[in-house]
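Inspection log for the structure reproduced underneath, given as structure tokens.
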Amino acid sequence: MSNQVRVRFAPSPTGYLHVGGARTALFNWLYAGNQGGKFILRIEDTDEARNTPEAMAAILDGLRWLGLDWDEGPEVGGDRGPYYQSQRKGIYDAYLAQLEAADRVYTEENGAVRFKFSREPITIPDLVCGDVALAGTEEPDMTLRRPDGSYIFHFVNVVDDIEMGITHVIRGEDHLSNTWKHIDLFHAFGKTPPVYAHIPLILNPDGTKMSKRDQGASVVSYMDAGYLPQAVFNYLCMLGWTPKAETEKLSAREMATLFDPKQIHSANARFDEKKAVWFNAQYLRELPQDELYALARPFLVKEGFSIQNEDMAARAVYSVREKISLLGELKGWTHYFFNEDYPYEAEVVTKLNAKTENKALLQAAAETFASMNQWDETSLHDALEKTAAAQSVKAGALMPLLRFALTGQNRGPGVTTILDLVGKDSSLRRIERTLQTV
RNA sequence: GACCCCUUCGUCUAGCGGUUAGGACACAUCCCUUUCACGGAUGCGACACGGGUUCGAUUCCCGUAGGGGUCGCCA
Numbered sequence: 098m099s100n101q102v103r104v105r106f107a108p109s110p111t112g113y114l115h116v117g118g119a120r121t122a123l124f125n126w127l128y129a130g131n132q133g134g135k136f137i138l139r140i141e142d143t144d145e146a147r148n149t150p151e152a153m154a155a156i157l158d159g160l161r162w163l164g165l166d167w168d169e170g171p172e173v174g175g176d177r178g179p180y181y182q183s184q185r186k187g188i189y190d191a192y193l194a195q196l197e198a199a200d201r202v203y204t205e206e207n208g209a210v211r212f213k214f215s216r217e218p219i220t221i222p223d224l225v226c227g228d229v230a231l232a233g234t235e236e237p238d239m240t241l242r243r244p245d246g247s248y249i250f251h252f253v254n255v256v257d258d259i260e261m262g263i264t265h266v267i268r269g270e271d272h273l274s275n276t277w278k279h280i281d282l283f284h285a286f287g288k289t290p291p292v293y294a295h296i297p298l299i300l301n302p303d304g305t306k307m308s309k310r311d312q313g314a315s316v317v318s319y320m321d322a323g324y325l326p327q328a329v330f331n332y333l334c335m336l337g338w339t340p341k342a343e344t345e346k347l348s349a350r351e352m353a354t355l356f357d358p359k360q361i362h363s364a365n366a367r368f369d370e371k372k373a374v375w376f377n378a379q380y381l382r383e384l385p386q387d388e389l390y391a392l393a394r395p396f397l398v399k400e401g402f403s404i405q406n407e408d409m410a411a412r413a414v415y416s417v418r419e420k421i422s423l424l425g426e427l428k429g430w431t432h433y434f435f436n437e438d439y440p441y442e443a444e445v446v447t448k449l450n451a452k453t454e455n456k457a458l459l460q461a462a463a464e465t466f467a468s469m470n471q472w473d474e475t476s477l478h479d480a481l482e483k484t485a486a487a488q489s490v491k492a493g494a495l496m497p498l499l500r501f502a503l504t505g506q507n508r509g510p511g512v513t514t515i516l517d518l519v520g521k522d523s524s525l526r527r528i529e530r531t532l533q534t535v
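Be aware that the first sequence starts at 98, since it is given in our numbering, and climbs by one per residue.
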């Protein structure tokens, strides 16, 4: 038996992957990476009534999206399987027999089997909370097996941790209060309990408990909003853990190198969407054009944009990469690239009509464009400078007007970039429509 | 009700008896700038409260308050 670190994430497939669960998985994964150990995925599906294949898939998808690959588990295998508790009944029966032989269980009239607590004081050694000393319990003996023969969480959890050679249990603090029961079971089996690290919970921004219904509780909601997995990964890790590093923006690999469960803060943490968004913006703007576009394209399609030219679309998205923080914000920044019938924002209409000479300026620019043979940013820039000079205004006065005309908005990429991307014909049509309608 | 965990700027946190209590996000102002952003600079802003221990408490101990959790034939 080696002394290699073995950690596990043991979700129950009763719903989607919760951010709290994701963070637990993240910390386990980091610790395995840090220690050169194994990260094991075990599915705790003993409650047949509540488990669904959809939930199962959602959890695996969520973990994969975050980049949390497991060394042993579903679809990967391993020599300590099966990794579904629903397939391990024989193992549990054998372990229960051990307890029967040791006279640590008794069967009730209806067939339920209960474990006789030792009722000795128990100390939980915890990497995050420190030693937690408990007096001997006065709780009723706990049920291990239901009358129908199925087993209860505490029992299968301990049996599997023994069988799978789990050395460290990193899990949510909601399990801390039950851990003495697990330790009692380990002792009853004559085993040494694993090292525990109970991590604090994630709370809503208002400090209340984050439950299934709350905003941002599901990992899927981050995918839908246009978060990048590396940003969610990074942010979730910084919730309760601050590495000794110059920056908080770290790759999964860097975090694994630095990770130490003893450094996890022991207080619950509130979810801060602003900071999560900030992380996302950081990762977003460092993506090369093709990678960004690959991720962004589904969002454009979802908005119903008609993409005529993939290269132009990719460049359009790339041109606003520093303006957005989430891919879901793409719509408001790129719709006019894909549709010439864009609306004119009220502020734009007001500004265009503020001065009578504005339309004359636009007309002059249109005439210049119409006469151009070269259509690239440099030529466009020169042409605009000359047009402005000819009209006795600064380029700074002409640019905003063109932006209004070309996009209907007062924000966006550089005007020459827009002109270049939409092309000469479309640029002229856009200006003409503006002159006619506004 | 019993037991357990927790408490530093608005938020995430550093701190492990002596610090001008540091950083990040957010916010504000300024700079840059054809817009919006990015970026840069500066600023605002915290040790829950009350007792101890100590020459000296954010730091150690006790209590109070507040928050969270557990006490299932759920996981």
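For every residue, glycine included, the Cβ atom is placed at its ideal position computed from N, Cα and C.
No experiment lies behind these values; they were computed from the predicted model shown.
By DSSP's criteria, residue 315 is part of a beta bridge. Which residues make up the other side?
Looking up residue 315 in the first sequence gives position 218. According to DSSP, residue 315 bridges with 115.
Alpha carbon to alpha carbon, how far is residue 416 from residue 522?
If you number the first sequence from 1, residue 416 lands on position 319. If you number the first sequence from 1, residue 522 lands on position 425. Straight-line spacing of the CA atoms in residue 416 and residue 522 works out to 20 Å.
Burial state of residue 125 (16 or more Cβ within 10 Å):
Numbered from 1 along the first sequence, position 28 holds the residue referred to as residue 125. Flag for residue 125 reads buried.
Extent of the continuous alpha helix (DSSP H) to which residue 335 belongs:
As a working note, residue 335 is residue 238 in the first sequence. Residues 326-335.
Taking residue 535 and residue 433 to be in contact with their CB atoms under 8 Å, please state how far apart those CB atoms are, rounded to whole angstroms.
Taking the first residue of the first sequence as position 1, residue 535 is located at position 438. Taking the first residue of the first sequence as position 1, residue 433 is located at position 336. Taking a contact as a CB-CB distance under 8 Å, the pair residue 535 and residue 433 does not count as one, their CB atoms being some 15 Å apart.
Run through DSSP, which three-state label would residue 280 get?
Along the first sequence, read from residue 1 onward, the residue named residue 280 stands at position 183. DSSP places residue 280 in helix when its eight states are reduced to three.
At what residue ranges does the region 179-223 contain a whole run of the alpha helix (DSSP H), taking only runs of 4 or more?
Those alpha helix (DSSP H) runs which fall completely within the region 179-223 and span 4+ residues are 186-198.
Alpha-carbon spacing of residue 150 relative to residue 393, whole angstroms
If you number the first sequence from 1, residue 150 lands on position 53. If you number the first sequence from 1, residue 393 lands on position 296. Approximately 29 Å between the Cα atoms of the pair.
Between residue 462 and residue 518, is the Cβ-Cβ spacing less than 8 Å?
Here residue 462 is taken as the residue at index 365 of the first sequence, counted from 1. Here residue 518 is taken as the residue at index 421 of the first sequence, counted from 1. Contact flag unset, no.
Take every Cβ of the region 363-373, pair it with every Cβ of the region 285-304, and state whether three or more of those distances are shorter than 8 Å.
Yes, they touch.
Rounded separation between residue 98 and residue 411 - CA only
The sequence position of residue 98 within the first sequence is 1, counting from 1. The sequence position of residue 411 within the first sequence is 314, counting from 1. Confidence in residue 98 is poor, its pLDDT being 48 and thus under 50, which makes the residue's placement unreliable; the coordinate value appears in the next sentence. When rounded, the separation of the alpha-carbon atoms in residue 98 and residue 411 is 53 Å.
With distances taken Cα to Cα, identify the nearest neighbour of residue 214 among 241, 147, 400 and 227.
For this step, residue 214 is matched to residue 117 along the first sequence. Check the Cα spacing between residue 214 and each of 241, 147, 400 and 227: the tightest is with 241.
Can we say the region 412-431 touches the region 503-513, given the rule of at least three CB pairs closer than 8 Å?
Because the criterion of three Cβ pairs below 8 Å is met, the region 412-431 and the region 503-513 touch.
According to the Cβ coordinates, are residue 536 and residue 192 closer than 8 Å?
Here the chain covers residues 98 to 535 and nothing more, so residue 536 does not appear.
May I ask you to report which of helix, strand or coil DSSP gives residue 520?
By 1-based counting over the first sequence, the position of residue 520 is 423. It is helical.
Is the number of C-beta pairs between the region 479-495 and the region 394-411 that are closer than 8 Å three or more?
In short, these stretches do not touch, since the Cβ pair count stays below three.
Which residues DSSP lists as bridging residue 296, in chain order:
As a position in the first sequence, residue 296 is number 199, starting the count at 1. Beta-bridge pairing by DSSP links residue 296 to 269.
According to DSSP, is residue 469 part of a helix, a strand, or is it coil?
Mapped onto the first sequence, residue 469 falls at position 372. If DSSP states are grouped into helix, strand and coil, residue 469 belongs with coil.
In chain order, what residues of the same chain lie with their CB nearer than 8 Å to the CB of residue 253, ignoring the 5 residues before and after it?
Here residue 253 corresponds to residue number 156 of the first sequence, with the count starting at 1. Closer than 8 Å at the Cβ level, and outside the excluded window around residue 253, lie 141, 143, 182, 185 and 189.
First and last residue of the beta strand (DSSP E) that includes residue 137?
Locating residue 137 in the first sequence gives position 40, counting from the first residue. Note, residue 137: beta strand (DSSP E), 135-138.
Any idea what DSSP makes of residue 418, helix, strand or coil?
By one-based count along the first sequence, residue 418 stands at place 321. If DSSP states are grouped into helix, strand and coil, residue 418 belongs with coil.
Reducing DSSP to helix, strand and coil, say where residue 241 ends up.
Numbered from its first residue, the first sequence carries residue 241 at position 144. Of the three classes helix, strand and coil, the one that applies to residue 241 here is strand, per DSSP.
Do the CB positions of residue 223 and residue 272 come within less than 8 Å of each other?
For this step, residue 223 is matched to residue 126 along the first sequence. For this step, residue 272 is matched to residue 175 along the first sequence. With a cutoff of 8 Å on beta-carbon distance, residue 223 and residue 272 are scored as not near each other.
Using a Cβ-Cβ cutoff of less than 6 Å, which residues in the same chain neighbour residue 380 once the five nearest sequence positions on both sides are dropped?
Residue 380 sits at position 283 when you count from the first residue of the first sequence. Result list for residue 380: 325, 327 and 328, in chain order.
Does DSSP put residue 529 in a helix, a strand or coil?
Start at 1 with the first residue of the first sequence, and residue 529 comes out as number 432. It is helical.
Just list the residues that DSSP pairs residue 248 with in beta bridges.
Locating residue 248 in the first sequence gives position 151, where the first residue counts as 1. Paired residue(s): 242.
Cβ of residue 201 within 8 Å of Cβ of residue 285?
Counting from 1 along the first sequence, the entry for residue 201 is found at position 104. Counting from 1 along the first sequence, the entry for residue 285 is found at position 188. Going by C-beta atoms, residue 201 is nearer than 8 Å to residue 285.
Can the beta-carbon of residue 474 be found less than 8 Å from the beta-carbon of residue 513?
On the first sequence, residue 474 is found 377 positions in, with the first residue counted as 1. On the first sequence, residue 513 is found 416 positions in, with the first residue counted as 1. Inclusion of residue 474 and residue 513 in the CB contact set at 8 Å is warranted, their separation being smaller than that value.
Assess, as a yes-or-no matter, whether the region 106-124 is touched by the region 153-165 under the definition of 3 or more beta carbon pairs within less than 8 Å.
Enough Cβ pairs lie closer than 8 Å, so yes.
What does the alpha-carbon distance come out to for the pair residue 308 and residue 153?
As a position in the first sequence, residue 308 is number 211, starting the count at 1. As a position in the first sequence, residue 153 is number 56, starting the count at 1. As the crow flies, the alpha-carbon of residue 308 is around 19 Å from that of residue 153.
Whether or not the region 104-115 and the region 306-322 are in contact is what I'm after, with contact meaning three or more pairs of Cβ atoms, one per stretch, closer than 8 Å; do they touch?
The region 306-322 vs the region 104-115: in contact.
For residue 174, which beta-bridge partners are listed by DSSP?
Here the question's residue 174 lines up with position 77 in the first sequence. Assignment of beta-bridge partners to residue 174 by DSSP yields 170.
To which residues of the same chain is residue 445 closer than 7 Å at the C-beta, ignoring the five residues directly before and after it?
Residue 445 sits at position 348 when you count from the first residue of the first sequence. Correct list, in chain order: 501, 505, 506 and 507.
Does residue 366 come out as helix, strand or coil in the three-state DSSP assignment?
Against the first sequence, residue 366 aligns to sequence position 269. Looking at residue 366 - three-state DSSP - the assignment turns out to be strand.
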